[in-house]
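Below: one structure, written as structure tokens.
2 protein chains.
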Amino acid sequence: MKQLRNTKQRQIVLETVLEHCDHPTADQIYFAVRKKDEKISRGTVYRNLNILSEEGEILHVKVPGVDRFDSRQDLHYHLLCSKCGKLTDLSDPYDPKFDHKIARESGYKISRHRLIFEGICPECQKKEKEQQ
Amino acid sequence: MKQLRNTKQRQIVLETVLEHCDHPTADQIYFAVRKKDEKISRGTVYRNLNILSEEGEILHVKVPGVDRFDSRQDLHYHLLCSKCGKLTDLSDPYDPKFDHKIARESGYKISRHRLIFEGICPECQKKEKEQQ
DNA sequence: ATGGGTGCAAAGTGTTTGCAAGTAT
DNA sequence: ATACTTGCAAACACTTTGCACCCAT
């Protein structure tokens, strides 16, 4: 395993993710990072997001469309608006019993599951009605 | 709504998806389609995969990494090997009760949920052991 | 000093799209 | 005849990577 270093760039990326509670995409983080330091490159932001999520310091949320990042470290479920793309955390607790059950039945070494609900958020529903 | 046409190309794409039971990616379908007709273009295959899944004739399976397509029309859950990328159907039935619950709690108009388990398949586990 | 990290630009991957010509209805 | 579809290539969106230099340890 590599010995990770604590660079200024990595600190800024982590700090920026922690400041957001709205599941930013990598590019949104890149722009927020650039406000703090004009010099940091896209490659560095992407590299550090991958490193930080591998280290478990942030969460890499893989949803249909673009991937997001999350400052929460604990596994949880998501709700995605298929109209506006808004992503929300669900309060229902992550249930590891599912993982055990599937592991037993399939022989896989299960690391986790992802549960994503898709639908139209109240705001977009309202907009749809107004258009008609 | 558009009046869809029944073109030779669309038929070949649908037929090719139905022949596969291993969740092919769009590109795998493109290559299989090309074996039947040298002329069909990538754009046409992608366009038709999107149309067919919007029509509900096939399933667009959105998993981390590359999207896949499935000849099954009914919603179901998946198991993804994070080593080799193999994607398997789970036999557990899709549970619409979850959708109703989340709809009630969130105010979203829920269309579906996606549940994907991630882990290492037995074959890849064996390979990992052999390497050590 | 040394090996991980950075900025930059180029390349990669998977998918969509504009357009003129073709074709199902 | 109409308007949906096609093939083609270019464009797109997002992410990774090769390289020479830099800097945390």
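Chains as they are written, first to last, in the working numbering: chain Z, 1 to 132; chain V, 1001 to 1132.
Every residue, glycine too, gets a C-beta built ideally from N, C-alpha and C.
Along chain Z, which residues have their Cβ under 8 Å away from the Cβ of His1020(V)?
Going along chain Z, no residue has its Cβ under 8 Å from His1020(V), so there is no contact; the nearest lies around 21 Å.
So is Thr7(Z) buried or exposed if we call it buried at 16+ other beta carbons inside 10 Å?
Thr7(Z) counts as exposed, since fewer than 16 other beta carbons sit within 10 angstroms of its beta carbon.
Hey, how far is the Cα of Lys127(Z) from the Cα of Lys83(Z)?
Spanning the alpha carbons of Lys127(Z) and Lys83(Z) requires a straight line of approximately 10 Å.
Cβ closer than 7 Å: which chain Z residues qualify as neighbours of His1023(V)?
Within 7 Å Cβ-Cβ: nothing; His1023(V) doesn't reach chain Z, min ~15 Å.
Is Ile1012(V) closer than 8 Å to Asp1037(V) when the C-beta atoms are compared?
In contact: Asp1037(V) and Ile1012(V) (Cβ atoms closer than 8 Å).
Figure out for me which residue from Glu1118(V), Leu1004(V), Cys1081(V), Lys1101(V) has the closest Cα to the Cα of Ser1111(V).
The residue with the shortest Cα to Cα distance from Ser1111(V) is Lys1101(V).
With DSSP as the reference, label Pro24(Z) as helix, strand or coil.
In the structure shown, Pro24(Z) adopts coil according to DSSP, grouped into three states.
Would you say Ile1093(V) reaches chain Z, if we count a Cβ-Cβ gap shorter than 8 Å as a contact?
The question names Ile, yet the displayed sequence has Pro at residue 1093(V). No Cβ of chain Z is located within less than 8 Å of the beta carbon of Pro1093(V).
Where DSSP assigns a beta bridge to Thr964(V), which residues make up the other side?
Outside the displayed range of chain V (1001 to 1132) lies residue 964(V), so it cannot be described from this structure.
At 7 Å on the CB atoms, spell out the chain V contacts of Glu130(Z), in chain order.
In chain order: nothing, as chain V lies at least about 15 Å away.
In chain Z, which residues lie less than 7 Å from Gln1125(V) when you measure between Cβ atoms?
In chain order: Lys109.
Residue nearest to Glu55(Z) in terms of C-alpha spacing, selected from Ile116(Z), Arg114(Z), Ala26(Z), Arg10(Z)
Of the candidates Ile116(Z), Arg114(Z), Ala26(Z), Arg10(Z), the one whose C-alpha sits nearest the C-alpha of Glu55(Z) is Arg10(Z).
Would you mind stating whether Cys1080(V) and Ile1051(V) have Cβ atoms separated by less than 8 Å?
According to the sequence shown, residue 1080(V) is Leu rather than Cys. No, they are not a contact pair.
Could you tell me the boundaries of the beta strand (DSSP E) in which Thr88(Z) lies?
It spans 87-93 - the beta strand (DSSP E) in which Thr88(Z) sits, taken as one unbroken run.
For the region 25-58 of chain Z, which segments carrying the alpha helix (DSSP H) assignment without a break, of at least 4 residues, lie completely within its bounds, in sequence order?
Restricted to the region 25-58 of chain Z, the alpha helix (DSSP H) segments that are unbroken, complete and at least 4 residues in length are 26-36, 42-54, listed in chain order.
With DSSP as the reference, identify every bridge partner of Asp1070(V), one or two as the case may be.
Bridge partners of Asp1070(V): Leu1059(V).
Can you tell me where the beta strand (DSSP E) with Lys109(Z) in it begins and where it stops?
Note, Lys109(Z): beta strand (DSSP E), 109-120.
Label Glu118(Z) either buried or exposed according to how many other C-beta atoms from any shown protein chain fall within 10 Å of its C-beta, with 16 as the threshold for buried.
Under this definition Glu118(Z) is a buried residue.
Where does the unbroken beta strand (DSSP E) through Cys81(Z) begin, and where does it stop?
DSSP places Cys81(Z) in the uninterrupted beta strand (DSSP E) bounded by 76-81.
So, is the C-beta of Ser1106(V) closer than 8 Å to a C-beta in chain Z?
Using a Cβ-Cβ cut-off of 8 Å, Ser1106(V) counts as an interface residue toward chain Z, since at least one Cβ of chain Z sits closer than that to its own.
Report yes or no: is there a C-beta of chain V within less than 8 Å of the C-beta of Arg112(Z)?
With 8 Å as the cut-off, Arg112(Z) counts as an interface residue toward chain V.
Using the C-alpha atoms, what's the distance from Pro1096(V) back to Leu1049(V)?
Distance between the alpha carbons of Leu1049(V) and Pro1096(V) is about 26 Å.
For the alpha helix (DSSP H) containing Pro146(Z), name the first residue and the last one.
Absent from the structure is residue 146(Z), since the part of chain Z shown begins at 1 and ends at 132.
Which of the three DSSP states is assigned to Arg1104(V) in this structure?
Three-state result, Arg1104(V): helix.
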